[in-house]
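Heads up: the sequence lines are chains A and B, in that order. Position 22 of the first sequence, counting from 1, maps to 22 under our numbering, and the rest follow consecutively. Position 180 of the second sequence, counting from 1, maps to 180 under our numbering, and the rest follow consecutively. A short worksheet on the structure shown next.
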Amino acid sequence: MNYKNKNKGLRQVIPWNSYLQWLSRINFLRMKLTLLLVAAFSIGVQAAGRAQQVNLSVQNASIKETLLVLSKQIPYRFLYNEEQLRKAGNVTIAVSNKPLLEVLDQMLTEKQLGYKVHSHTITIVAKPKHPQINQNIQQEVEVSGTVKDSVGVLPGVSVLLKGTSGSGVTTNSNGQYRFKVPAGATLVFRSIGYASQEVAVNGRSVIDITLHAIESRLDEVVVVGYGTQKKGDLTGSISSLSADDLTKGGAVNNVAQAIQGRAAGVVVTQNSKAPGGSMSIRIRGSNSISSSNEPLYVIDGFPSNNGVNMNPDDIESMEILKDASATAIYGSRGANGVVMITTKRGKAGQGSLVYSGYTGSQTAINPYHLLDAQAYMHLANALYKEISGQEDIENGAYTPSQLNSTVNTDWVKEATRTAIVQNHNLQFTGGSEKTKVLGSVGYFDQEGILKTTDFKRISGRVNIDQTINDYIKVGASVFGQRENSNYQIYDGNILNSNVLYSVLTYDPSVPLYDADGNFGRPPGGIGDNPVANLLARQNDVQKDKMNGNMYLEIKPMEGLTARFDAGTELLHDQLGTYLSKDSYQGGINSGVASQSDYNLTHNLFDMYVTYNKDIDKHHVDVMGGYSYEKFTNNNKGVDVYGFSTDLYGYNNLGAAATISGVKSYKSENMLISFFGRVNYSFDNKYLFTATVRRDGSSRFGADHKWGTFPSGSFAWKMINESFMQDQHWFTDLKLRLGYGRTGNERIGNYASYGLMSNANYTYDGDSNSSGTYLNSSSPANSTLKWESTDQYNAGIDLAFLNDRIAVTMDAYYKKTNDLLVKRNLPYYTGYSSGQSNVGSVSNKGLEFAVSTKNLTGAFTWDTKLNLAMNRNKVLSLGGESDIFITSAKPMGTVSEEAYAIIREGEPLGSLFGYQYIGVIQQGESYTPQPNAKAGDPKFADVNGDGMVNSADRTIIGSAYPKLTYGITNMFAYKHFDLSIFIYGNLGNDVLNMTRMNLEWNRSAEALNRWTPENTNTDLPRNGFYYTEYGGYVNDHFVENASFLRLKNLTLGYTLPINSKVMRSLRVYAMAENLFTISGYSGWDPEVDTKGYENDALIKYSSNAQTANAGAGLDFNSYPSMRAFTFGVNVNF
Amino acid sequence: MNFLNIKLQVFHLGILFVICTACTKLEPELYSDLTTENAYSTESDIQAALTGTYANLGPYPGDAYLYYAGYLVMITDYATDMGFSTAAGNPTQLSNFTYDENNRYFKSNWQNMYQVIANANELIENTGAVAGMTDENKNLVLGQAHFLRALAYSDLTDGWGPVPLVTTVGNPAESYNVPLSPVERIDSLIQEDCLFAAEALPETWSSELGLARATKGAALTLLGKNYMRAHHYEQAKIYIDQVLALRDKGVYKLNPDFKNEWSESNKMDKGMIFGILHESALNGGEIANHFGPTDHPEVADRWQYYGVSLQFWRKFDDRDPRKKFFYYNYEGKAARDASTKNGFYYMVPEPGQTKVPNDTTKFLQNIATKKYSYEMINASYLDGRTIQVFRIADVILCKAEIENALVGPAAGLPYINEIRERAGAPLLGSSPDFPAPATKEEFIDALVDERGFELVFEYKRKADLVRLGKYEEICNAYLTARGLTPKVTEKLRYFPYPLDEANLHQEMAAANAQRLP
């Protein structure tokens, strides 16, 4: 196994054994490594890149062995010439907790050796033959000072006298040093992770120095599926985000918000602005029609569909695997991309305690001009007369007595408030060489701007890594969080419980409270006023998540590592609702309560073996593994009514007189996988990666349980070619090509079975009998199989001007076949829809990311920009007809109408409806609408058959943006830092269904409707609900929702503190949503009402198909808000 | 690391791989689900599937509002002179005959009817093979299944005429474009099903088995009415007479007070032949909510979603007590503003009256019936009220119609008068104000009114008007009285096929153009 070096000089390649060791250690230490590196190379909140403290005790050991011992304690590899080390002989040294460089100096100087520190390597070199300076003849002075970085003081920095290896001191814990040197000497300041600085003493006695962190992008280690890779060695398309990218100053409370606008090709939409509101992430467009398009989350190796809601302060780094060559290792769950989340872990050496927190206030931004009560009632009476047969009826809606009333309630004002948000995190890290610990707790509390709505999360995490011996390492993570929110239903339906529907449509002539102190309601009116909806009902949801997992790494021999992971994740969601006797329904039924529990148990076991080997210029990594996952869902719930008191809320269901419903359910699914990967590189120029995963899922039909998902990719590091050696422009140039096939298995657990539903029936009006009937959306389909996505990717990575400009561009094409579609079945079969594999969808796109260092020096200015374009197309529906996506009813008495369509040749998210061409004027006869009256809406006869009917509906908009972008600018000067984050969408449409009701009878716009006196208008006389022709879903309500948003502006100041108590202190002020440039007329252009339907819990049921193809609807969305926040970060 | 150790490690790893390779079981356990494979295995399964089929007559037990729990009224009593609404969208479109194929009431009722059929078909296909079940019990189940299927097909053909005739269990994914069957063909199935059911089912059920199941009388009623729809009055007479014979036997009985038939405490009146019962806790319906009055002092907090038109209500003679079986001319419960405890006054305007008499009066737009909120014993949000599908009063009026058709008006008159007498209304022929019809035609006019008065909001109006040949005439008169264009023609007797269904079915899509107003 020994490899004899044939070159006598310094090797170009690293000695294989230390390289192997390094590689395998990456597996062992990948968390730590990532942690250290990212920390070291970030302009972090924490004091990054503290000098490495090492322990060493060897007697008469070879230098090579000694370096080996050292290398286990630090994330650096040593490059050396074996011959040279052998010649230098053995060393004896005993130090503890000394800075690495000091130890190296101590060890190497006497051997006539030196070293050079690079970003991740330390090269041992022969000691330079400098002419000896005769120190005796120079006058000595005592120099002292403080060494800092951009954040705080730096302990453990080596301060050396240039030209005299070994002669030097290190800074103390306050970053201070004191050193006697010749007056004309030059000092060298060195610390790992920082650029060395040389300073001539020139007779000064105080020299304060600020070291600058080295950023070397290409040496960053990124986490990939079942392993890590150097960024420079990637062959696939991966966006990498560090802790700072995610949380610097921003009031983000989940992963999705943290990613928003930061990575090209990753579109994050906050479907709802509600506290804890639903978010969706689309990586490179939507592949699937009826399954989820949300990415897979892998948190420290543990796959999860529920990764989005975690405390961002626990995250060390995030990698977004975008193309199939990167995601295929996750096989059937890789098609939507994978978000790899690495949490922070403990590190050896000095402990650290970090507190970060902020508090702020949020206020609603209201774009609507609603009519006051008087105007509203007069309008209602006028509209009443617009109904056929009622033309002459006076006071049809409001009596003269009502018109004289002075009540005028502003429901938006009554229902909203200035809301407080606060966040606190405390985190400590520490440990010894063998045991490393991280502990953190976090608390987030956001009030909603809608009264009583809120969201709280408390989370805790302990990560432990323990090295047992040279061969075995174990670690464990325990994580738990609880979220509590008082939620309301914001899903666009017009249910009584939908607060937002009533906030905008409720009668302003109704007082908030009536004379008796009860919630106001129109006489004979049913349902609650908006404030009653908020105050008279409890709607509490509590979501608990517990995750415990453990790993064991065994290194039985050089180059071979076996890793085992086992863990379980428990999700427990509880809903409790209570309608008090003050509410409408609670009043009728003397209090109505319910409780529901939803549990998911996710067990995971996996194991994989990694082996790597170098032969000459060839390098090979091989990984193979197996994983078993089992998911068990169960839920239960009880509905009751009839309480003697409101005091119990939903907490004493046994006190109710009547049980009106009981339910429970359990289901399971299993996912079994075999996977493997080979990385091969030649001469660090040509890199090949091949992966394969074979997944078996219990969700599919008997004949199609197993699917195979291969990938292959290639990268050419042109920068390493000889012809690139003489140029000075490029510092990086790499081409990447990849292909892979991934799948999607996220369908119902028993989707291939013909399922039955429960019912009961009373044959005597008194007792109930249990019954079963066909579940109309689940016919048997034993041929149900995988949806598979083939993806091609080509990319280029460029860096110019000494890395001051770095550019990544990718182009991709994805085609998804055997689409899992809920296809419409004829109702006469007894079914309405069934899951089946039909047709295909393509996505193609371009992504562009650039980061620049515009200004360096005292005033720094960095910019990160990303742009992405995605084009989606439904290639085939396998001969099926169009599939329609239906809206909620905009009001109780009208039909749901199709507003989006899945049609061959068109993109998903195609809005669908009538073309509105204005108002029919007096005396105008419009042949396709023969019975229409003046003031009626006029629709285009699209098919030209002489009449307007459902066949004239056509595509009237596109919900997915043509271009998405995000721009971050960061400035720093002295102790100040400023960041400005802008993001936006271009070229997408939204169907504004909220406006449909407002413009008809509620907002000031309604006064501009067509009347015989006001004919120059495009608003019909009585809205769109009474028209005999066409429908309310038409392009009058389709709006361009392109926007540019100043999402976040943060100004920070790092106090120049240097005390024994505190290492650094940063304070910042932040404004969110300062402005949005958009022509959209609703609350917020960034909205996707149907996106909520991905949220199974709140909805009780979900419809991913609707969520996917039905983007671009705004109905009863939560108001958007502006926030001002003050925060502080302290590092002790 | 010696060689042996490496071998050992590799060996251990190998074993682990073998173990894991064995962990490839992918058959999930179904804990809470039955599948179509095992849901029809035992007698108990079959009984449960039968119960589920009944439940499909008013889907969503616990919150029933669809099909027979309410929605059906929109395609049977609206789009006639009876039901009226100004609620935006679908109700108004039906009231004004401006509907299109995208009307939710078309889709929802159509879908629910076929769900009953699909579940009945499963029973009919699976019951025979169940082991350990007596032939007698199989027959009882099959009788009910055949009846329920026939009822749903009867409702489908009332609404849409020719529809796909599905009588077996097939693969839904291979069932596109099943041809429309002519009504005559479907009538044959209804008749076969009803004959089977009438043969198989008892006259009454014991209370242990559940009183409100389909009976012989229910099957005979449906059969008789099916022949009547096709104007085959001779055959109809056979079966209607058999139902009346059951009355003579004491199986059925007209309640002396028509109102009591609707009392909530009287869920299974002897006047009911077939109905859908509710129990307010677990099997509640939104029946009182939808049909009950708004802002009424006695029956509070109801929605008056379904109400009869002013024009129809005015047809009642003031001397007919059934006119008072509505909520009208009352002072509302809610204080109209903070200065008073008094409510608004809700009145029925006189024809032509356009101005309210004072500043606190509101005109009623439509009038709520008391049928579904009379004598509430449970004012809960969801109620336990009964929906009657067939009742003996209907059959007596069928008898009147048959006798008029086969013999003449004099033969039919006693039956009309029996109903009027029970209601306390003046008998026809008793005074010049209430003349006896002299001709078959006059009799039909009287019958159209009488059926309306007696069976208002019992899902009969449109079928009655069409069968008696009065649909266009009555509906156009009604539109004219409301100041609208009389536009009802023979082509509107059938509704357009639901848009979603027509999107998947070429024949329906082609037919719809002819069915729109």
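Glycine included, every Cβ here is placed at the ideal spot set by N, Cα and C. Bear in mind the structure is a predicted one, so any value in this text is a computation, not a measurement.
(1) So that I know if they touch, is there some Cβ in chain A lying closer than 8 Å to that of Pro179(B)?
(2) For Gly707(A), list the residues DSSP reports as bridge partners.
(3) What residue range is occupied by the uninterrupted alpha helix (DSSP H) comprising Trp160(B)?
(4) Could you spell out the range, first to last residue, of the alpha helix (DSSP H) harbouring Asp449(B)?
(5) Which residues of the region 384-413 of chain B have a Cβ closer than 8 Å to any Cβ of chain A? Give them in chain order.
(6) Decide yes or no for the touch test of the region 745-753 of chain A against the region 792-811 of chain A: beta carbon pairs closer than 8 Å, at least 3 of them.
(7) So which residues on chain C does Glu1028(A) lean against when the C-beta distance must stay under 7 Å?
(8) From the beta carbon of Pro930(A), is the nearest beta carbon of chain B less than 8 Å away?
(9) Rounded to whole angstroms, what's the CA-CA distance from Asn329(B) to Gly307(B)? Just pull it up for me.
(10) Between Leu504(A), Gly701(A), Gly152(A), Ser698(A), which lies nearest to Thr994(A) when the distance is taken from Cα to Cα?
(11) If we ignore side chains and look at the alpha-carbon of each, how far apart do Lys25(B) and Lys630(A) end up?
(12) Grab me the residues of Ser332(A)'s own chain with a C-beta within less than 7 Å of its C-beta, minus the 5 sequence neighbours each way, in chain order.
(13) If you draw a straight line from the C-alpha of Arg521(A) to the C-alpha of Ala411(B), how long is it?
(14) Quick one: which chain A residues come within Cβ less than 8 Å of Asn503(B)?
(15) Within 8 Å, do at least three Cβ pairs link the region 971-978 of chain A to the region 1007-1015 of chain A?
(16) For the region 148-160 of chain B, enumerate the residues whose C-beta is nearer than 8 Å to any C-beta of chain A, in chain order.
(17) Where Ile190(B) and Gly271(B) are concerned, what is the direct C-alpha to C-alpha distance, given to the nearest angstrom?
(18) On the criterion of 16 or more Cβ atoms from any shown chain inside 10 Å, does Glu450(B) qualify as buried, or is it exposed?
(19) Which first and last residues belong to the beta strand (DSSP E) in which Gly1127(A) is found?
(20) Does chain A have any CB closer than 8 Å to the CB of Arg229(B)?
(21) Using a 10 Å radius around the Cβ and a threshold of 16 neighbouring Cβ atoms, would you call Asn342(B) buried or exposed?
(22) Between which two residues does the alpha helix (DSSP H) carrying Val503(A) extend?
(23) Which same chain residues, not among the five before or five after Ala380(A), have their C-beta less than 7 Å away from its C-beta?
(24) Can you list, in chain order, the residues of its chain whose CB lies under 7 Å from that of Ile240(B), leaving out five sequence neighbours each side?
(25) Under 8 Å, Cβ to Cβ, is there at least one residue of chain A near Asn90(B)?
(26) For Ala502(B), which residues from the same chain have a beta carbon less than 7 Å from its beta carbon, with the 5 sequence-adjacent residues on both sides left out?
(27) Pair every Cβ in the region 44-56 of chain B with every Cβ in the region 105-117 of chain B, then say whether three or more of these pairs are closer than 8 Å.
(28) Could you spell out where the alpha helix (DSSP H) holding Gln481(A) opens and where it closes?
(29) If we ignore side chains and look at the alpha-carbon of each, how far apart do Ser309(B) and Pro162(B) end up?
(30) Counting only beta-carbon atoms, is Lys473(A) nearer than 8 Å to chain B?
(31) Assign Asp703(A) to one of two classes, buried (16 or more other C-beta atoms within 10 Å of its C-beta) or exposed (fewer than that).
(32) If you measure between the beta carbons of Val268(A) and Gly307(A), is that distance less than 8 Å?
(33) Which residues does DSSP list as the beta-bridge partners of Pro164(B)?
(34) For Asn1022(A), which residues of its own chain have a beta-carbon under 8 Å away from its beta-carbon, when the five flanking residues on both sides are left out?
(35) To the nearest angstrom, report how far apart Met947(A) and Gln915(A) are at their CA atoms.
(36) I'd like to know whether the C-beta of Glu442(B) is nearer than 8 Å to at least one C-beta of chain A.
Reading from the atomic positions:
(1) Taking the second sequence and counting its residues from 1, one reaches residue 179(B) at position 179. No, no contact with chain A.
(2) Working through the first sequence from its first residue, we reach residue 707(A) at position 707. Looking at the DSSP assignment, Gly707(A) forms a beta bridge with Asp695(A).
(3) On the second sequence, position 160 is the one that residue 160(B) refers to. 135-160 is the span of the alpha helix (DSSP H), which, as asked, contains Trp160(B).
(4) Counting from one through the second sequence, the residue named residue 449(B) turns up at place 449. Unbroken alpha helix (DSSP H) run through Asp449(B): 440-455.
(5) Gly384, Thr386
(6) The region 745-753 of chain A and the region 792-811 of chain A do not touch, with fewer than 3 CB-CB distances between them shorter than 8 Å.
(7) The structure shown has no chain C; the protein chains it does contain are A and B.
(8) In the first sequence, residue 930(A) corresponds to position 930, counting from 1. No, no contact with chain B.
(9) Along the second sequence, one-based indexing puts residue 329(B) at 329. Along the second sequence, one-based indexing puts residue 307(B) at 307. The alpha-carbon atoms of Asn329(B) and Gly307(B) are separated by roughly 14 Å.
(10) Residue numbering aside, residue 994(A) sits at position 994 when the first sequence is read from its first letter. It is Leu504(A) whose Cα lies nearest to the Cα of Thr994(A).
(11) Sequence index remark: in the second sequence, residue 25(B) carries index 25 (1-based). Sequence index remark: in the first sequence, residue 630(A) carries index 630 (1-based). Distance between the alpha carbons of Lys25(B) and Lys630(A): 11 Å.
(12) Counting from 1 along the first sequence, the entry for residue 332(A) is found at position 332. Its chain contains Asp695, Ser697, Gly707, Phe709, Gly743, Asn744, Glu745, Trp786 as the residues whose beta carbon lies nearer than 7 Å to that of Ser332(A), once the 5 sequence neighbours on both sides are disregarded; these appear in chain order.
(13) Your numbering for residue 521(A) matches position 521 in the first sequence. Your numbering for residue 411(B) matches position 411 in the second sequence. Approximately 55 Å between the Cα atoms of the pair.
(14) Along the second sequence, read from residue 1 onward, the residue named residue 503(B) stands at position 503. Per Cβ cutoff of 8 Å: Asn824, Ser881, Asp882, Phe884.
(15) no
(16) none
(17) One-based indexing of the second sequence puts residue 190(B) at position 190. One-based indexing of the second sequence puts residue 271(B) at position 271. Roughly 24 Å between the two C-alpha positions.
(18) As a first step, residue 450(B) is located in the second sequence; it is residue number 450 there, counting from the start. Buried.
(19) In the first sequence, counting from the first residue as 1, residue 1127(A) sits at position 1127. Residues 1121-1131.
(20) Walking along the second sequence from the start, residue 229(B) turns up at place 229. No, Arg229(B) does not count as interfacial toward chain A.
(21) Taking the second sequence and counting its residues from 1, the one referred to as residue 342(B) is at position 342. Looking at its Cβ environment, which holds fewer than 16 other Cβ atoms inside 10 Å, Asn342(B) is exposed.
(22) Reading the first sequence from its first residue, position 503 is the one you call residue 503(A). Start and end: 499-505.
(23) The residue you call residue 380(A) lines up with position 380 of the first sequence. Closer than 7 Å at Cβ, skipping near neighbours: Ala397, Tyr398, Asn1001.
(24) Residue 240(B) sits at position 240 when you count from the first residue of the second sequence. These residues qualify, in order along the chain: Gly224, Val395, Cys398, Lys399, Ile402.
(25) Here residue 90(B) refers to the residue found at position 90 of the second sequence. Output row for Asn90(B): interface = yes.
(26) Indexing the second sequence from 1 puts residue 502(B) at position 502. Within the same chain, Ala502(B) has close Cβ partners Glu101, Met508, Ala509, Asn512.
(27) yes
(28) For the purposes of this step, residue 481(A) is taken as the residue at position 481 of the first sequence. Under the DSSP assignment, Gln481(A) falls outside any alpha helix (DSSP H), being part of the beta strand (DSSP E) whose first and last residues are 472-486.
(29) Within the second sequence, the letter at position 309 stands for residue 309(B). Within the second sequence, the letter at position 162 stands for residue 162(B). Looking at the two C-alpha atoms, the distance is approximately 30 Å.
(30) For this step, residue 473(A) is matched to residue 473 along the first sequence. Not one chain B Cβ lies under 8 Å of Lys473(A).
(31) Looking up residue 703(A) in the first sequence gives position 703. Exposed: under 16 other Cβ atoms inside 10 Å.
(32) The count along the first sequence starts at 1 and reaches residue 268(A) at position 268. The count along the first sequence starts at 1 and reaches residue 307(A) at position 307. No, these two residues do not count as a Cβ contact at 8 Å.
(33) Residue mapping note: residue 164(B) aligns to position 164 of the second sequence, counting from 1. According to the DSSP secondary-structure assignment, Pro164(B) is paired through a beta bridge with Leu180(B).
(34) In the first sequence, counting from the first residue as 1, residue 1022(A) sits at position 1022. These residues qualify, in order along the chain: Leu383, Glu386, Ile387, Gly935, Trp1000, Arg1009.
(35) Here residue 947(A) refers to the residue found at position 947 when the first sequence is read from its first residue. Here residue 915(A) refers to the residue found at position 915 when the first sequence is read from its first residue. Using only the alpha carbons, I get a separation of about 13 Å.
(36) Along the second sequence, read from residue 1 onward, the residue named residue 442(B) stands at position 442. At a cut-off of 8 Å between C-beta atoms, Glu442(B) does not count as an interface residue with respect to chain A.
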